[in-house]
Amino acid sequence: KQKIKIPSVTLVRTVEEAKYALDILLKNKNRYHAWDTETIDVNIKEVSPVGNGKVLCASCFIGRDVDFGNGPRLFIDNYGDSLGLI
Numbered sequence: 073k074q075k076i077k078i079p080s081v082t083l084v085r086t087v088e089e090a091k092y093a094l095d096i097l098l099k100n101k102n103r104y105h106a107w108d109t110e111t112i113d114v115n116i117k118e119v120s121p122v123g124n125g126k127v128l129c130a131s132c133f134i135g136r137d138v139d140f141g142n143g144p145r146l147f148i149d150n151y152g153d154s155l156g157l158i
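The following block contains the structure:
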């Protein structure tokens, strides 16, 4: 996989990177977590994306002081080579 660097964003594309990010998330479980997901293959006019469609990615922010490796903004890829990571 090509290594992509985005300032202040930690991009997770492998199981190893996911385990590292999960460890940091668990160490900060008592803090508020802002999550967002993007989905495909779901008609949101008919059903909720919860439990429907496929998750393309997820992003999380806990605070500027939490560094996931390349910064405080966590982006988890779940598409292409990373399909099934989430």
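Just so we're aligned, residue 73 is where the sequence shown starts under this note's numbering, counting upward by one.
Ideal Cβ positions, reconstructed from N, Cα and C, are used throughout, including at glycine.
Everything numeric in this text was worked out from a predicted model, so none of it was measured.
Ranked by Cα distance from residue 149, the first of 158, 143, 136 is 158.
Counted as a single uninterrupted DSSP element, the beta strand (DSSP E) harbouring residue 83 occupies residues 81–84. For residue 126, the enclosing beta strand (DSSP E) starts and ends at 126–133. As a beta-bridge residue in DSSP terms, residue 146 pairs with 82, 132. For residue 96, the enclosing alpha helix (DSSP H) starts and ends at 87–99. Straight across, the Cα-Cα distance linking residue 142 with residue 102 is about 22 Å. In the three-state reduction of the DSSP assignment, residue 153 falls in the helix class, which pools H, G and I. For residue 111, the closest C-alpha among the options 79, 126, 86, 77 is that of 126.
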